[in-house]
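S.K.: Per this note's numbering, numbering through the sequence shown is continuous, rising by one, with the last residue being 71.
By construction, the Cβ of each residue, glycine as well, lies at the ideal position given by its N, Cα and C atoms.
On a predicted model such as this, the values are computed, not experimentally measured, just so you know.
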Amino acid sequence: MQRSLQEQIKKDLDEKLVLLSGPRQVGKTTLSKALFPDNFEYFNLDYNQDRLIVKQESWKKDRDLIVFD
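#1: Shortest alpha-carbon distance to Asn46 belongs to which of Leu19, Lys18, Asp71, Lys13?
#2: Measuring CB atoms only, is the segment 30 to 47 touching the segment 57 to 71, in the sense that at least three cross pairs come out at less than 8 Å?
#3: Suppose contacts are defined by Cβ-Cβ distances below 9 Å. Is Leu22 in contact with Ser34 by that definition?
#4: Might you give, ordered along the chain, the residues of its own chain that have their beta carbon closer than 8 Å to the beta carbon of Val56, omitting 5 neighbours on each side?
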């Protein structure tokens, strides 16, 4: 499903970090994952293993998008 802001966010990502915020269950994670569906890393900071990867900055550096949730 194409979101109304999806193309603007992709354009902004070429030049800067983008923060998506809003209430729970409105689709922030779904939108994030849809931006570059074949080349992204996703980390849920509720999970210890994901927090450790982020803390050590050991994610794959060749990705188009890194999502910290």
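M.R.: Judging by the given coordinates:
#1: Asp71
#2: yes
#3: yes
#4: Phe45, Leu47, Phe70
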